[in-house]
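Engineer: To start, I am sharing the structure in question, which I have written as C-alpha coordinates.
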Amino acid sequence: MPRPTFWNRLPFPLIRRQVPTNYYDRPDPSYVAPWARDPVDFPSRSRHPLISRITDWLFILILLVGTQLFFTVVKPPVTYFRIDDPSLMLPEVPEIIPSSLTPVFTIGIPIVVMIFFECLFFFDPWNMYHLCTGYAETTALSLFITSILWIFLGSLRPTFLTKCQPDLSKVVPGKVWYTVAEICTQHLNKDEFHAFPSGHASTAWSGFVFFSLYMSTKVKAWSPAAQFWKVVFFIVVPIAAALWITTTRVIDHHHTALQVTVGSIIGTLGAFAGYTRNFTGLFTWRNHVPARYAYHKPESVSSLELAASQSDDVLVGRHELGRSVGEEQRRQVAADGARVAPGAEMSGVRSNHPHEVANGVV
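UniProt numbering numbers the first residue of the sequence shown as 1 and each following residue consecutively.
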(Lines of atoms letter the chains of each structure in order from A and count residues from 1; the text may use other names and numbers.)
(Lines give C-alpha, C1' and ligand atoms only; values in the text may rest on other atoms or scores of the structure.)
Protein backbone atom coordinates (compact mmCIF):
# COMPACT_ATOMS: atom_id res chain seq x y z
CA MET A 1 0.00 0.00 0.00
CA PRO A 2 1.62 3.30 -1.01
CA ARG A 3 2.20 5.83 1.70
CA PRO A 4 0.78 9.34 1.53
CA THR A 5 3.08 11.98 0.09
CA PHE A 6 3.46 13.67 3.47
CA TRP A 7 4.90 10.53 5.07
CA ASN A 8 7.34 10.00 2.20
CA ARG A 9 8.95 13.33 3.02
CA LEU A 10 9.76 12.31 6.58
CA PRO A 11 13.26 10.94 7.29
CA PHE A 12 11.90 7.75 8.89
CA PRO A 13 12.95 5.10 9.51
CA LEU A 14 16.25 6.56 10.66
CA ILE A 15 18.08 3.26 10.15
CA ARG A 16 17.07 1.87 6.78
CA ARG A 17 17.19 -1.89 6.59
CA GLN A 18 15.80 -4.08 3.84
CA VAL A 19 12.62 -5.76 5.06
CA PRO A 20 10.21 -7.91 3.04
CA THR A 21 8.09 -5.83 0.68
CA ASN A 22 4.92 -7.30 2.15
CA TYR A 23 5.82 -6.47 5.76
CA TYR A 24 2.76 -4.22 5.94
CA ASP A 25 1.43 -4.12 2.39
CA ARG A 26 -0.72 -7.15 1.69
CA PRO A 27 -4.15 -7.30 3.39
CA ASP A 28 -4.68 -10.69 4.97
CA PRO A 29 -7.96 -12.18 3.68
CA SER A 30 -8.39 -14.36 6.75
CA TYR A 31 -9.03 -11.23 8.82
CA VAL A 32 -11.60 -9.66 6.50
CA ALA A 33 -14.31 -12.26 7.13
CA PRO A 34 -15.04 -11.35 10.78
CA TRP A 35 -15.93 -7.77 9.84
CA ALA A 36 -18.07 -8.98 6.96
CA ARG A 37 -20.04 -11.25 9.30
CA ASP A 38 -20.50 -8.63 12.00
CA PRO A 39 -24.22 -7.65 12.09
CA VAL A 40 -23.41 -4.44 14.02
CA ASP A 41 -20.51 -3.20 11.91
CA PHE A 42 -20.97 0.51 12.60
CA PRO A 43 -19.15 2.68 12.05
CA SER A 44 -17.55 0.43 9.46
CA ARG A 45 -13.76 0.64 9.49
CA SER A 46 -13.58 0.01 5.76
CA ARG A 47 -16.42 2.33 4.65
CA HIS A 48 -16.22 5.01 7.39
CA PRO A 49 -12.57 5.06 8.50
CA LEU A 50 -12.57 8.63 9.80
CA ILE A 51 -15.75 8.19 11.85
CA SER A 52 -14.48 4.92 13.30
CA ARG A 53 -11.19 6.51 14.39
CA ILE A 54 -13.00 9.46 15.97
CA THR A 55 -15.28 7.02 17.80
CA ASP A 56 -12.30 5.07 19.14
CA TRP A 57 -10.67 8.15 20.64
CA LEU A 58 -13.99 9.48 21.89
CA PHE A 59 -14.51 6.37 23.99
CA ILE A 60 -10.91 6.48 25.20
CA LEU A 61 -11.58 10.02 26.40
CA ILE A 62 -14.84 8.93 28.04
CA LEU A 63 -13.05 6.17 29.96
CA LEU A 64 -10.32 8.53 31.16
CA VAL A 65 -12.82 11.18 32.25
CA GLY A 66 -14.87 8.51 34.03
CA THR A 67 -11.76 7.31 35.83
CA GLN A 68 -10.98 10.83 37.01
CA LEU A 69 -14.55 11.34 38.25
CA PHE A 70 -14.54 8.05 40.14
CA PHE A 71 -11.21 8.90 41.72
CA THR A 72 -11.97 12.48 42.78
CA VAL A 73 -15.76 12.87 43.08
CA VAL A 74 -17.53 9.60 43.85
CA LYS A 75 -17.22 8.51 47.46
CA PRO A 76 -16.12 4.95 48.23
CA PRO A 77 -18.44 2.72 50.27
CA VAL A 78 -18.43 2.86 54.05
CA THR A 79 -15.86 0.36 55.27
CA TYR A 80 -16.07 -1.48 58.58
CA PHE A 81 -12.94 -2.62 60.36
CA ARG A 82 -11.68 -4.07 63.63
CA ILE A 83 -9.41 -1.93 65.74
CA ASP A 84 -7.40 -5.02 66.70
CA ASP A 85 -6.75 -6.15 63.12
CA PRO A 86 -2.95 -6.65 62.84
CA SER A 87 -3.07 -6.54 59.02
CA LEU A 88 -4.04 -2.84 59.24
CA MET A 89 -1.38 -1.86 61.80
CA LEU A 90 1.75 -1.84 59.66
CA PRO A 91 4.01 1.22 60.10
CA GLU A 92 4.34 3.98 57.53
CA VAL A 93 7.54 3.83 55.48
CA PRO A 94 8.76 6.04 52.61
CA GLU A 95 7.68 5.03 49.13
CA ILE A 96 10.35 3.25 47.11
CA ILE A 97 8.86 4.71 43.91
CA PRO A 98 7.15 8.05 44.61
CA SER A 99 3.56 8.21 43.39
CA SER A 100 4.41 11.33 41.40
CA LEU A 101 6.95 9.38 39.33
CA THR A 102 4.89 6.22 38.88
CA PRO A 103 3.13 7.44 35.68
CA VAL A 104 6.54 8.17 34.17
CA PHE A 105 7.72 4.60 34.76
CA THR A 106 4.48 2.75 34.01
CA ILE A 107 3.01 4.83 31.16
CA GLY A 108 5.64 7.24 29.81
CA ILE A 109 8.72 5.04 29.37
CA PRO A 110 7.05 2.17 27.44
CA ILE A 111 5.35 4.41 24.86
CA VAL A 112 8.46 6.56 24.35
CA VAL A 113 10.63 3.49 23.73
CA MET A 114 8.10 1.97 21.31
CA ILE A 115 7.77 5.18 19.29
CA PHE A 116 11.55 5.58 19.19
CA PHE A 117 11.95 1.98 18.02
CA GLU A 118 9.29 2.46 15.35
CA CYS A 119 10.92 5.65 14.04
CA LEU A 120 14.33 4.02 14.11
CA PHE A 121 13.63 0.83 12.16
CA PHE A 122 10.11 0.22 10.86
CA PHE A 123 8.28 3.52 10.53
CA ASP A 124 4.82 3.13 9.02
CA PRO A 125 2.08 5.76 9.56
CA TRP A 126 -0.75 3.29 10.18
CA ASN A 127 1.36 1.19 12.47
CA MET A 128 2.18 4.32 14.47
CA TYR A 129 -1.53 5.15 14.69
CA HIS A 130 -2.51 1.70 15.94
CA LEU A 131 0.42 1.69 18.34
CA CYS A 132 -0.75 4.91 20.00
CA THR A 133 -4.43 3.93 19.86
CA GLY A 134 -3.82 0.46 21.28
CA TYR A 135 -1.66 1.82 24.09
CA ALA A 136 -4.24 4.48 24.95
CA GLU A 137 -7.02 1.88 24.96
CA THR A 138 -4.95 -0.39 27.18
CA THR A 139 -4.28 2.35 29.72
CA ALA A 140 -7.86 3.67 29.67
CA LEU A 141 -9.41 0.21 30.09
CA SER A 142 -7.12 -0.74 32.97
CA LEU A 143 -7.63 2.51 34.85
CA PHE A 144 -11.39 2.52 34.31
CA ILE A 145 -11.89 -1.05 35.56
CA THR A 146 -9.62 -0.34 38.52
CA SER A 147 -11.55 2.81 39.45
CA ILE A 148 -14.88 0.96 39.23
CA LEU A 149 -13.64 -1.61 41.75
CA TRP A 150 -12.42 1.21 44.00
CA ILE A 151 -15.93 2.62 44.11
CA PHE A 152 -17.98 -0.55 44.46
CA LEU A 153 -15.63 -2.59 46.65
CA GLY A 154 -13.06 -0.32 48.23
CA SER A 155 -10.51 -1.56 50.72
CA LEU A 156 -8.18 -0.36 53.42
CA ARG A 157 -4.43 -0.09 53.18
CA PRO A 158 -2.12 -2.04 55.52
CA THR A 159 -1.21 1.22 57.31
CA PHE A 160 -4.84 2.26 57.88
CA LEU A 161 -4.99 2.02 61.69
CA THR A 162 -1.58 3.68 61.99
CA LYS A 163 -2.95 6.72 60.13
CA CYS A 164 -6.42 6.54 61.67
CA GLN A 165 -5.21 6.73 65.29
CA PRO A 166 -8.44 5.32 66.80
CA ASP A 167 -9.79 6.91 69.98
CA LEU A 168 -9.89 4.01 72.41
CA SER A 169 -12.20 5.92 74.75
CA LYS A 170 -14.96 5.45 72.17
CA VAL A 171 -14.66 1.67 72.19
CA VAL A 172 -17.98 0.10 73.15
CA PRO A 173 -17.79 -3.19 75.08
CA GLY A 174 -18.99 -6.04 72.91
CA LYS A 175 -18.81 -4.04 69.67
CA VAL A 176 -16.37 -5.45 67.14
CA TRP A 177 -16.77 -3.44 63.93
CA TYR A 178 -16.28 0.32 63.60
CA THR A 179 -16.25 2.98 60.89
CA VAL A 180 -13.97 5.95 60.32
CA ALA A 181 -16.55 8.44 61.55
CA GLU A 182 -17.03 6.53 64.79
CA ILE A 183 -13.51 6.10 66.06
CA CYS A 184 -10.76 7.70 63.95
CA THR A 185 -9.10 10.87 65.25
CA GLN A 186 -7.18 11.75 62.08
CA HIS A 187 -8.54 12.95 58.74
CA LEU A 188 -8.01 10.38 56.00
CA ASN A 189 -7.86 11.04 52.28
CA LYS A 190 -10.01 9.12 49.80
CA ASP A 191 -6.88 7.42 48.57
CA GLU A 192 -6.72 5.44 51.82
CA PHE A 193 -9.89 3.59 50.77
CA HIS A 194 -8.68 2.87 47.21
CA ALA A 195 -6.46 -0.08 48.03
CA PHE A 196 -8.28 -2.81 46.08
CA PRO A 197 -7.12 -3.33 43.42
CA SER A 198 -3.74 -1.65 43.15
CA GLY A 199 -3.72 1.15 40.58
CA HIS A 200 0.07 1.06 40.41
CA ALA A 201 -0.01 -2.64 39.57
CA SER A 202 -2.71 -2.31 36.90
CA THR A 203 -0.93 0.54 35.09
CA ALA A 204 2.49 -1.11 35.39
CA TRP A 205 1.32 -4.41 33.94
CA SER A 206 -0.83 -2.83 31.25
CA GLY A 207 2.05 -0.66 30.04
CA PHE A 208 4.87 -3.20 30.17
CA VAL A 209 2.83 -6.17 28.92
CA PHE A 210 1.68 -4.12 25.91
CA PHE A 211 5.31 -3.09 25.40
CA SER A 212 6.38 -6.73 25.51
CA LEU A 213 3.67 -7.82 23.06
CA TYR A 214 4.46 -5.03 20.62
CA MET A 215 8.23 -5.40 20.66
CA SER A 216 8.32 -9.20 20.64
CA THR A 217 5.98 -9.42 17.65
CA LYS A 218 7.97 -6.77 15.80
CA VAL A 219 11.28 -8.59 16.15
CA LYS A 220 9.69 -12.08 16.18
CA ALA A 221 11.27 -12.96 19.51
CA TRP A 222 9.50 -16.34 19.61
CA SER A 223 10.67 -17.33 16.15
CA PRO A 224 12.98 -20.37 16.04
CA ALA A 225 15.46 -18.22 14.12
CA ALA A 226 15.40 -15.37 16.66
CA GLN A 227 18.37 -14.57 18.89
CA PHE A 228 18.00 -15.13 22.64
CA TRP A 229 18.80 -11.50 23.46
CA LYS A 230 15.46 -10.55 21.91
CA VAL A 231 13.65 -12.66 24.49
CA VAL A 232 15.70 -11.11 27.29
CA PHE A 233 15.30 -7.46 26.30
CA PHE A 234 11.77 -7.48 24.89
CA ILE A 235 10.04 -10.05 27.12
CA VAL A 236 11.97 -10.75 30.32
CA VAL A 237 13.05 -7.17 31.09
CA PRO A 238 9.58 -5.55 30.68
CA ILE A 239 7.89 -8.24 32.78
CA ALA A 240 10.62 -7.91 35.42
CA ALA A 241 10.08 -4.13 35.49
CA ALA A 242 6.33 -4.56 36.01
CA LEU A 243 6.98 -7.16 38.71
CA TRP A 244 9.45 -4.87 40.48
CA ILE A 245 7.06 -1.91 40.52
CA THR A 246 4.29 -4.16 41.82
CA THR A 247 6.47 -5.66 44.53
CA THR A 248 7.54 -2.26 45.85
CA ARG A 249 3.91 -1.47 46.69
CA VAL A 250 3.87 -4.45 49.05
CA ILE A 251 7.30 -3.71 50.51
CA ASP A 252 6.41 -0.11 51.43
CA HIS A 253 3.08 -1.24 53.00
CA HIS A 254 0.75 0.46 50.53
CA HIS A 255 -0.92 -2.74 49.34
CA THR A 256 -1.33 -6.39 50.20
CA ALA A 257 -0.28 -9.24 47.93
CA LEU A 258 -3.92 -9.89 46.94
CA GLN A 259 -4.48 -6.25 45.98
CA VAL A 260 -1.46 -6.08 43.68
CA THR A 261 -2.22 -9.50 42.18
CA VAL A 262 -5.71 -8.46 41.11
CA GLY A 263 -4.33 -5.18 39.76
CA SER A 264 -1.72 -7.08 37.76
CA ILE A 265 -4.38 -9.34 36.24
CA ILE A 266 -6.48 -6.33 35.22
CA GLY A 267 -3.49 -4.64 33.59
CA THR A 268 -2.44 -7.79 31.74
CA LEU A 269 -5.94 -8.41 30.37
CA GLY A 270 -6.16 -4.75 29.32
CA ALA A 271 -2.86 -5.06 27.44
CA PHE A 272 -3.99 -8.17 25.57
CA ALA A 273 -7.31 -6.50 24.70
CA GLY A 274 -5.63 -3.32 23.46
CA TYR A 275 -3.08 -5.16 21.35
CA THR A 276 -5.36 -7.74 19.74
CA ARG A 277 -7.88 -5.03 18.88
CA ASN A 278 -5.31 -2.97 16.98
CA PHE A 279 -3.12 -5.68 15.46
CA THR A 280 -3.97 -8.88 13.62
CA GLY A 281 -4.02 -11.21 16.60
CA LEU A 282 -1.21 -12.82 18.55
CA PHE A 283 -0.91 -16.41 17.40
CA THR A 284 -0.02 -15.79 13.78
CA TRP A 285 3.17 -14.94 11.93
CA ARG A 286 1.64 -11.63 10.83
CA ASN A 287 0.82 -10.51 14.39
CA HIS A 288 2.88 -7.35 13.82
CA VAL A 289 0.52 -6.07 11.11
CA PRO A 290 -1.75 -3.18 12.19
CA ALA A 291 -5.47 -3.77 11.96
CA ARG A 292 -5.81 -1.13 9.24
CA TYR A 293 -4.28 -3.51 6.71
CA ALA A 294 -6.56 -6.35 7.78
CA TYR A 295 -9.81 -4.62 6.84
CA HIS A 296 -8.61 -2.16 4.16
CA LYS A 297 -7.97 -3.68 0.74
CA PRO A 298 -6.22 -1.40 -1.77
CA GLU A 299 -7.92 -1.30 -5.15
CA SER A 300 -4.61 -1.32 -7.01
CA VAL A 301 -3.58 -4.79 -5.83
CA SER A 302 -3.65 -7.21 -8.76
CA SER A 303 -3.84 -10.99 -8.63
CA LEU A 304 -0.20 -11.19 -9.70
CA GLU A 305 0.88 -8.90 -6.85
CA LEU A 306 -1.15 -10.92 -4.38
CA ALA A 307 0.48 -14.12 -5.64
CA ALA A 308 3.96 -12.66 -5.22
CA SER A 309 2.98 -11.34 -1.79
CA GLN A 310 1.80 -14.78 -0.72
CA SER A 311 5.14 -16.22 -1.77
CA ASP A 312 6.87 -13.52 0.26
CA ASP A 313 4.92 -14.69 3.31
CA VAL A 314 6.24 -18.20 2.78
CA LEU A 315 9.81 -16.93 2.63
CA VAL A 316 9.37 -14.69 5.64
CA GLY A 317 7.96 -17.57 7.62
CA ARG A 318 10.97 -19.75 6.84
CA HIS A 319 13.69 -17.18 7.27
CA GLU A 320 14.48 -14.36 9.66
CA LEU A 321 12.32 -11.27 9.25
CA GLY A 322 15.01 -8.94 7.97
CA ARG A 323 16.45 -11.33 5.35
CA SER A 324 15.98 -10.11 1.80
CA VAL A 325 14.46 -12.26 -0.94
CA GLY A 326 16.51 -12.89 -4.08
CA GLU A 327 15.42 -11.32 -7.32
CA GLU A 328 15.61 -14.62 -9.15
CA GLN A 329 13.12 -16.16 -6.72
CA ARG A 330 10.80 -13.18 -7.14
CA ARG A 331 10.83 -13.53 -10.93
CA GLN A 332 10.10 -17.23 -10.66
CA VAL A 333 7.17 -16.56 -8.31
CA ALA A 334 5.80 -13.89 -10.66
CA ALA A 335 6.06 -16.29 -13.60
CA ASP A 336 4.23 -19.01 -11.66
CA GLY A 337 1.53 -16.53 -10.63
CA ALA A 338 1.02 -15.34 -14.21
CA ARG A 339 0.15 -18.89 -15.33
CA VAL A 340 -2.46 -19.35 -12.60
CA ALA A 341 -6.04 -18.28 -13.23
CA PRO A 342 -7.43 -15.61 -10.88
CA GLY A 343 -8.63 -17.22 -7.65
CA ALA A 344 -6.90 -20.53 -8.40
CA GLU A 345 -4.35 -22.05 -6.04
CA MET A 346 -0.66 -21.70 -6.84
CA SER A 347 0.50 -25.28 -6.98
CA GLY A 348 4.15 -24.31 -7.06
CA VAL A 349 4.13 -22.21 -3.89
CA ARG A 350 3.35 -24.04 -0.68
CA SER A 351 4.54 -23.76 2.90
CA ASN A 352 4.92 -26.18 5.78
CA HIS A 353 5.07 -23.38 8.34
CA PRO A 354 2.26 -24.02 10.89
CA HIS A 355 1.37 -20.32 11.13
CA GLU A 356 1.03 -19.99 7.36
CA VAL A 357 -1.06 -23.17 7.07
CA ALA A 358 -3.34 -22.08 9.92
CA ASN A 359 -3.98 -18.70 8.33
CA GLY A 360 -4.81 -20.00 4.88
CA VAL A 361 -1.85 -18.44 3.08
CA VAL A 362 -1.04 -21.64 1.18
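Even for Gly, the Cβ is constructed at its ideal location relative to N, Cα and C.
Every value quoted in this text rests on a predicted model; they were computed, and no experiment measured them.
For Pro76, name the three-state secondary structure that DSSP assigns.
Structural biologist: Of the three classes helix, strand and coil, the one that applies to Pro76 here is coil, per DSSP.
Engineer: I'd like to know if the stretch 106-119 and the stretch 127-137 are in contact, where contact means that at least 3 CB-CB pairs between them fall below 8 Å.
Structural biologist: Flag = yes, the stretch 106-119 and the stretch 127-137 touch.
Engineer: With a 10 Å radius around its C-beta and 16 neighbouring C-beta atoms as the bar for buried, classify Val262 as buried or exposed.
Structural biologist: Classification of Val262: buried, given that the 10 Å Cβ count is 16 or more.
Engineer: Would you please state the rounded distance, in angstroms, between the beta carbons of Tyr178 and Phe81? I believe it to be under 8 Å.
Structural biologist: Correct: roughly 6 Å between the Cβ atoms.
Engineer: Which complete alpha helix (DSSP H) runs does the stretch 65-141 hold, if anything under 4 residues is left out?
Structural biologist: Those alpha helix (DSSP H) runs which fall completely within the stretch 65-141 and span 4+ residues are 109-117.
Engineer: Can you give the Cα-Cα distance for Phe233 and Thr146, rounded to whole angstroms?
Structural biologist: Their backbone Cα atoms lie some 29 Å apart in a straight line.
Engineer: Report back the beta-carbon spacing between Lys170 and Ile183 to the nearest angstrom; my notes put them in contact at under 8 Å.
Structural biologist: That pair is a contact at about 5 Å.
Engineer: Is Ser147 helix, strand or coil by DSSP?
Structural biologist: If DSSP states are grouped into helix, strand and coil, Ser147 belongs with the helices.
Engineer: Please report the distance separating the alpha-carbon of residue 380 from that of Lys220.
Structural biologist: Nothing in the structure corresponds to residue 380, since the chain is present only between 1 and 362.
Engineer: Mind checking Val93: buried by the 16 CB within 10 Å criterion, or exposed?
Structural biologist: With fewer than 16 other Cβ atoms within 10 Å, it is exposed.
Engineer: Go ahead and label Gln165 buried or exposed: buried means 16 or more other beta carbons lie within 10 angstroms of its beta carbon, across all protein chains shown.
Structural biologist: Its Cβ having fewer than 16 others within 10 Å, Gln165 is exposed.
Engineer: Pick helix, strand or coil for Phe233, following the three-state DSSP scheme.
Structural biologist: Reduced to three states, the DSSP call for Phe233 is helix.
Engineer: Are Ile235 and Ser212 close, meaning C-beta to C-beta below 8 Å?
Structural biologist: Their beta carbons are under 8 Å apart, which means Ile235 touches Ser212 by this criterion.
Engineer: Using 8 Å as the threshold, is the C-beta distance between His255 and Ala195 below it?
Structural biologist: Taking 8 Å as the Cβ cut-off, His255 and Ala195 qualify as a contacting pair.
Engineer: Could you spell out where the alpha helix (DSSP H) holding Ala273 opens and where it closes?
Structural biologist: Element bounds for Ala273: 257-278.
Engineer: Output the distance between the C-alpha atoms of Leu168 and Pro91, rounded to the nearest integer angstrom.
Structural biologist: Those two C-alpha atoms are separated by around 19 Å.
Engineer: Measuring only the C-alpha atoms, how far is residue 417 from Val176?
Structural biologist: An answer regarding residue 417 cannot be provided, because it is not within the stretch 1 to 362 covered by the chain.
Engineer: In angstroms, rounded to a whole number, what distance separates the CA positions of Phe279 and His288?
Structural biologist: Roughly 6 Å between the two C-alpha positions.
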